């Protein structure tokens, strides 16, 4: 087999699993390209945002990962576009030729074009996003503890999360725990009745991908934790001083986290379809350019019900492996295989001793689901040292009812309130 150069774009779940497969063939040379020098474990980003974990604990250096893969190299840089005819990937003005290309760029936040979301809303997709949210929450608490203006204090102590999917639910649960256990000790002068965590969902229930019984359990637990769950409400604008809803309600707040949707990253040179994703054959390659494979969140391959496969880590891992395997099969003259999704189920943690999990028809809630959630996330977290540090922080938080990393890196400033605070009864609280 003549040596072939395979370029893997993206060091996410799809990219790393593709590299693992390709590295087993010594006649293949692999170049992994990413704008960051680390692999990010996105399922735990919300814990960085809520001060439960430190940022490096959920990131693993790409070069450390590649130590065991002798035929793989790393190139740091932003991918600017693909020339499929010339088989070249442009990385910050540098042409990187390839024989095969695997694109696994993932997603970015989808603001749906709503006013103010991109400018004033806080996304939760990157380490920088999580750190900004954490700094903002701590900054808001510090200012609220010293301001004499009751309207401003309540806006500072109101946290709004838009989107009732797993990310929004998990962040709401974490902030609910902070409200109950951390704020009374860190800010003894703050009246907890003024501290609000509001979770807004457009649909009729939370966790649309879960069974209704799991969604009901999640909502009941969050409400017992003190989280206000607003269903059937649609955000139409985020302003620097609050969130405006389609119903006419206005929530004064300086911290609005947007978890309501994602869209594919896209890259010049590849045609995209709905959701800014790339349509492929069942074997995961682009029909017009069979040497280009797309794996993970950017892939638009219809599932059995006509919808694309879910944009979750298990899909990316499975597609990354298959894309690499199909390249190797082609090089050996073997027939490629179509993608068959193995659904490992859904999980979402809600707080101390509480989670929901659905695995092959088995529905778990409360403590058993929480233990399963802990085990799965520790297992898939990259790096033994990271696992130890995360487990240590979890144990500390569990036994002390405290969050260990409440350090403010950058202090945030807050604008003046432009709208008087409405009474909770008028806001539907």
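Numbering (the UniProt record's numbering), first residue to last: 1 to 429.
Every residue gets a Cβ at the ideal spot worked out from N, C-alpha and C, and that includes glycine.
Keep in mind it's a predicted model, so treat the numbers as computed, not measured.
Asked, Found
"Using only CA atoms, which one of 353, 105, 28, 151 lies nearest to residue 222?", "353"
"Is residue 137 near residue 255, with beta carbons less than 8 Å apart?", "yes"
"Which of the three DSSP states, helix, strand or coil, is assigned to residue 78?", "coil"
"In whole angstroms, what separates the C-alpha of residue 289 from that of residue 24?", "25 Å"
"By the three-class DSSP mapping on this structure, what secondary structure does residue 4 have?", "strand"
"Give the range of the beta strand (DSSP E) segment to which residue 250 is assigned.", "250–252"
"Taking the CB atoms as reference points, tell me whether residue 178 and residue 365 lie closer together than 8 Å.", "no"
"Roughly how many angstroms separate the alpha carbons of residue 423 and residue 248, rounded to a whole number?", "For residue 423, the predicted structure reports a pLDDT of 40, less than 50, and the residue's modelled location is therefore unreliable. A value from the coordinates is still provided. If I take the Cα positions, the gap works out to 14 Å."
"Figure out for me which residue from 349, 393, 360 has the closest Cα to the Cα of residue 168.", "349"
"Can you grab the Cα-Cα spacing for the pair residue 56 / residue 333, in whole Å?", "43 Å"
"Measure the C-alpha to C-alpha separation of residue 257 and residue 328 and round it to an integer number of angstroms.", "43 Å"
"Under 8 Å by Cβ, that's how I've got residue 267 and residue 103 pegged, so tell me the actual separation to the nearest angstrom.", "7 Å"
"Note down, one range per segment and in chain order, each beta strand (DSSP E) of at least 3 residues found wholly within the segment 107–153.", "107–109"
"According to the Cβ coordinates, are residue 417 and residue 148 closer than 8 Å?", "no"
"Could you check which residue in 393, 10, 219 has the C-alpha nearest to that of residue 76?", "10"
"Would you call the segment 12–20 and the segment 61–78 in contact, with 3 or more CB pairs under 8 Å?", "yes"
"Our contact map puts residue 434 next to residue 31 with C-beta atoms below 8 Å; I'd like the distance itself, whole angstroms only.", "In the structure displayed, the chain extends from 1 to 429; residue 434 sits before or after that span and is not available."
"Whole angstroms is fine: what's the gap from residue 120's alpha carbon to residue 238's?", "6 Å"
"Could you say if the segment 270–287 and the segment 337–351 meet the contact criterion of at least three C-beta pairs nearer than 8 Å?", "yes"
"What are the boundary residues of the beta strand (DSSP E) that residue 280 is part of?", "Where residue 280 is concerned, there is no enclosing beta strand (DSSP E), given that its DSSP letter is neither H nor E."
"Just curious, the beta strand (DSSP E) that residue 346 is in, first and last residue?", "346–351"
"Taking the continuous alpha helix (DSSP H) assigned at residue 437, which residues delimit it?", "This structure cannot speak to residue 437, because the chain is shown only from 1 to 429."
"Residue 53 and residue 390 look like a contact to me (Cβ under 8 Å); what is the Cβ gap, rounded to whole Å?", "6 Å"
"With burial defined as no fewer than 16 other Cβ atoms inside 10 Å of the residue's Cβ, what is the status of residue 346: buried or exposed?", "buried"
"If you check the beta carbons only, do residue 190 and residue 144 fall under 8 Å apart?", "yes"
"Considering only their Cβ atoms, is the gap separating residue 227 from residue 160 smaller than 8 Å?", "no"
"Let me check understanding here. Comparing Cα to Cα, which of 401, 270, 331 lies closest to residue 85?", "270"
"Starting from residue 19, trace the alpha helix (DSSP H) both ways and give me its first and last residue.", "13–22"
"Where do the N-terminal and C-terminal ends of the alpha helix (DSSP H) with residue 374 fall, by residue?", "366–380"
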